[in-house]
């Protein structure tokens, strides 16, 4: 079983272009529908991008 994606896996903005390959759902075979897996991956992609913004100090909130 693979490890779930961590916000530390996104090292710089060049990696953000490859989010489809970076985000890995280790429970894909346990999801009720593929749509729920895609939704989970979208949330992780957004979480990675948000953490990258906070680490770079670009968050305007």
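Numbering (this note's numbering), first residue to last: 2 to 62. For each residue, glycine too, the CB sits at the ideal point set by N, CA and C. Bear in mind that the values here come from a model prediction, so they are computed numbers and not experimental data.
Rounded to whole angstroms, the Cβ separation of residue 26 and residue 42 is 6 Å, and the two are in contact under 8 Å. Counted as a single uninterrupted DSSP element, the alpha helix (DSSP H) harbouring residue 36 occupies residues 35-57. Counting along the chain, residue 21 sits inside the alpha helix (DSSP H) bounded by residues 20-23. Annotation: residue 28 to residue 57 spans about 31 Å, alpha carbon to alpha carbon.
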